[in-house]
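Residue numbers (the numbering used here): 4 to 211.
Step one of this worksheet: look at the structure below.
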Amino acid sequence: MLKPADSRGKFIVFEGIDGSGKSTQARLAAEYLSFIGKKVHLTREPTTRPIGKLIREALSGTFEVSEATMAAMFLADRIDHIQNEEDGIIKLLNEGYTVISDRYFWSSFAYHSLTLDMDWVISIHEKVIKICPPDLTIYLDLNVASSLNRIDARNETQEIFENREVLTKVYNNYEQAFARYHDVLKITKVNADQGIEEIAAVIKDVLA
Ligand code: ADP
Ligand code: TYD
């Protein structure tokens, strides 16, 4: 179980559509917090653990599963991410680590509600929201056109979610999900349509 907020590390989540700069900024934030003397653990979802690996295979089309199965796989990966005894988020927070995660449950709300009812996606996360809520969510707000340009420049095989129409819906779903939790959880939007260093400077202020 998570210790009270004042006796544990902080849990910080980076969110945004594909290509919005989450991995870049999560890494820079981790470097900054380490530099100022914090114990930091940088992590991501889907994880690099067995369920996360299975998810990446499904995302690349190696096998087909229903949308609800996919949502449940992400949920299982997330519970394992939170609770595993090796490097689970709760264990690390209790040991005083600042944990930074590149994606968390907001991604499920935004992506799985493309085809499923958002209320259902949120409802299966009820326990996760209760046992391990982020202390801060940093949302990298980038328009879909710029995001697709960055993904193109990265020159990787595009995953199933990476096209204009789909990303526009994902973008709108993020807005909807944040609106629901806006009074309960701390969510900070950062304009991600600027240079890497400029964004990092804004985030540094938020973290301070
Ligand atoms: P995400 O994790 O959200 O998919 P990345 O951090 O991997 O995004 O960034 C996607 C691509 O865009 C990478 O090639 C990265 O180097 C580049 N990139 C990241 N931030 C910026 C920025 N502010 N301006 C221009 N390119 C960026
Ligand atoms: P990721 O590798 O982080 O993509 P990117 O680096 O391009 O942002 O995530 C892979 C995909 O998984 C991404 O398109 C979003 C999707 N996803 C979900 O559908 N549900 C989830 O709960 C999470 C965490 C990610």
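Note that CB positions come from ideal geometry on N, CA and C, so glycine has one too.
Quick one: what does DSSP say L188 is sitting in, helix, strand or coil? By 1-based counting over the sequence shown, the position of residue 188 is 185. Coil, per DSSP.
Of the residues A8, F17, D138, M121, the one placed nearest D144, counting alpha carbons only: Along the sequence shown, one-based indexing puts residue 144 at 141. Nearest Cα to D144 within the set A8, F17, D138, M121: F17.
Are the Cβ atoms of I206 and A195 separated by less than 7 Å? Within the sequence shown, the letter at position 203 stands for residue 206. Within the sequence shown, the letter at position 192 stands for residue 195. Cβ atoms of I206 and A195: not closer than 7 Å.
Can you name the start and end residues of the alpha helix (DSSP H) that S37 belongs to? On the sequence shown, position 34 is the one that residue 37 refers to. Segment 25 to 38, the alpha helix (DSSP H) holding S37.
Beta carbon of E48: closer than 6 Å to some heavy atom of the ligand TYD? Position 45 of the sequence shown holds residue 48. Within the cutoff, so yes.
Relative to the ligand ADP, what is the chain-ordered list of residues with a Cβ closer than 7 Å to any of its non-hydrogen atoms? The set of residues with a C-beta under 7 Å from any non-hydrogen atom of the ligand ADP comprises G19, D21, G22, S23, G24, K25, S26, T27, Q28, D105, L143, R153, I154, A156, R157, A195, Q197, G198, I199, I202, given in chain order.
Just reading off the beta strand (DSSP E) that T101 is part of, what are its end residues? By 1-based counting over the sequence shown, the position of residue 101 is 98. Counting along the chain, the beta strand (DSSP E) containing T101 begins and ends at 101 to 105.
Can you determine whether any heavy atom of the ligand TYD sits closer than 6 Å to the C-beta of S69, and answer yes or no? Here residue 69 corresponds to residue number 66 of the sequence shown, with the count starting at 1. No, the ligand TYD has no heavy atom inside 6 Å of this Cβ.
Which residues share a DSSP beta bridge with V43? Here residue 43 corresponds to residue number 40 of the sequence shown, with the count starting at 1. Beta-bridge pairing links V43 to T101.
Of the residues I20, G12, D9, R11, the one placed nearest K192, counting alpha carbons only: Numbered from 1 along the sequence shown, position 189 holds the residue referred to as residue 192. Distance check between K192 and each of I20, G12, D9, R11 places I20 closest, using alpha-carbon atoms only.
Proximity of D212 and S26 at Cβ, strictly below 7 Å: The structure shown does not extend to residue 212, since the chain is modelled only from 4 through 211, so no value can be given for it.
Mind checking who T1 pairs with in its DSSP beta bridge? In the structure as shown, the chain begins at 4 and stops at 211. Residue 1 is therefore absent and cannot be evaluated.
Would you mind listing the alpha helix (DSSP H) stretches within the segment 53 to 118 that are 4+ residues and don't spill past its ends, in chain order? Runs found: 53 to 62, 70 to 86, 92 to 97, 108 to 115.
Apart from the five residues just before and just after A33, which ones in its own chain have a Cβ nearer than 6 Å to its Cβ? Looking up residue 33 in the sequence shown gives position 30. Counting only Cβ-Cβ distances below 6 Å, and skipping sequence neighbours, we find V43, L45, I103.
Within 10 angstroms of its Cβ, does Q28 collect 16 or more other Cβ (buried), or is it exposed? Taking the first residue of the sequence shown as 1, we reach residue 28 at position 25. Its Cβ being crowded by 16 or more others within 10 Å, Q28 is buried.
Does the Cβ-Cβ distance between T101 and K13 come in under 7 Å? By one-based count along the sequence shown, residue 101 stands at place 98. By one-based count along the sequence shown, residue 13 stands at place 10. By the CB criterion at 7 Å, T101 and K13 fall inside the cutoff.
Residue burial classification, A113 (beta-carbon count within 10 angstroms, cutoff 16): Within the sequence shown, numbered from 1, the residue matching residue 113 stands at position 110. A113 sits buried, since 16 or more C-beta atoms from the chains shown fall within 10 Å of its C-beta.
Rounded to a whole number of angstroms, what is the C-alpha to C-alpha distance between Y174 and I154? Indexing the sequence shown from 1 puts residue 174 at position 171. Indexing the sequence shown from 1 puts residue 154 at position 151. The alpha-carbon of Y174 is positioned some 16 Å away from that of I154.
Alpha carbon to alpha carbon, how far is K130 from I82? Locating residue 130 in the sequence shown gives position 127, where the first residue counts as 1. Locating residue 82 in the sequence shown gives position 79, where the first residue counts as 1. When only Cα atoms are considered, K130 and I82 end up about 9 Å apart.
From L31, S23, P7, pick the residue whose C-alpha is nearest to that of A204; which is it? Counting from 1 along the sequence shown, the entry for residue 204 is found at position 201. Closest option to A204, judged by alpha-carbon separation, among L31, S23, P7: L31.
Selection from A182, Y142, L5 that minimises the alpha carbon distance to N97: Indexing the sequence shown from 1 puts residue 97 at position 94. Comparing Cα-Cα distances from N97 to each of A182, Y142, L5, the minimum goes to L5.
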